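Let me begin by presenting the structure, written as structure tokens, before commenting on it.
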Amino acid sequence: MAIIEIKKYPDPILSRESAEIKEITPEIKKLAEDMIETMEYNQGVGLAAVQVGELKRLMVVQIKQKPLVLINPKIIKKTKETEAMEEGCLSCPGICLEIKRARGIEMEALGKDGKKIKIKTKDILAHILQHEIDHLDGILIIDKINLHGVN
Ligand code: ZN
562 MAIIEIKKYP DPILSRESAE IKEITPEIKK LAEDMIETME YNQGVGLAAV QVGELKRLMV
622 VQIKQKPLVL INPKIIKKTK ETEAMEEGCL SCPGICLEIK RARGIEMEAL GKDGKKIKIK
682 TKDILAHILQ HEIDHLDGIL IIDKINLHGV N
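First residue of the sequence shown: 562, per our numbering; consecutive thereafter.
Encoded structure:
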């Protein structure tokens, strides 16, 4: 395993959209393992592949102190109810912003073994998952402030 250097704002790669993963190859599995190590080393709670320079729809998150790999994640349901929470980002060091997101979500993804995973969650974990999906679409917390204003 290896720790990879994290891309920081304003690196233009962070604004690009990541591509769907067609096949879970040994390279993808290795990337996922390195991302887990990188996330843990940096004491993060989530990391998207684009943050280590790979434009692939792959992210890792900490759920109850255990790392989980999510491939091609999709939000299939969102609550209308929103909640604002302070968020930081390993790609925007030193910045902490209050971001409004859906309070609860349902997500589908593939695990490292290619099996379908369904997650239904709310509050902090729902925010983390939406934050990481934003990365796959090239959106940073800084962009959300520009789009919607601070409230
Ligand atoms: Zn982030």
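Even glycine gets a Cβ: it sits at the ideal position worked out from N, Cα and C.
Note that the structure is predicted; figures quoted are calculated from it, not measured.
Sorted by chain position, which residues of the same chain lie with C-beta nearer than 6 Å to residue i's C-beta, five sequence neighbours on each side aside?
| i | result |
| --- | --- |
| I636 | I666, M668 |
| I680 | M668 |
Count the other CB atoms, across all protein chains shown, that sit within 10 Å of the CB of residue i; report buried if there are 16 or more and exposed otherwise.
| i | result |
| --- | --- |
| S579 | buried |
| K627 | exposed |
| R560 | Examination of residue 560 is not possible in this model, given that the chain is present from 562 through 712 alone. |
| I685 | exposed |
| D595 | buried |
| A563 | exposed |
| Q604 | exposed |
Answer yes or no: the CB of residue i versus the heavy atoms of the ligand ZN, is any distance below 7 Å?
| i | result |
| --- | --- |
| L651 | yes |
| H692 | yes |
| H696 | yes |
Excluding five sequence neighbours on each side, which residues of the same chain lie with their C-beta closer than 8 Å to the C-beta of residue i?
| i | result |
| --- | --- |
| P634 | R618, M620, M668, E669, A670, L690, E693, I694, L697 |
Please go through the same chain and pick out, in chain order, the residues whose beta-carbon is closer than 7 Å to the beta-carbon of residue i, but skip the five residues on each side of it.
| i | result |
| --- | --- |
| K638 | I666, E667 |
In the DSSP output, which residue or residues are listed as bridge partners for residue i?
| i | result |
| --- | --- |
| M620 | A609, L631 |
| A580 | K617 |
| T682 | I666 |
| K625 | In DSSP, K625 forms no bridge with anything. |
- Counting only runs of 3+ residues fully inside the segment 628–671, write out the beta strand (DSSP E) ranges in chain order. 643–648, 658–663, 665–671
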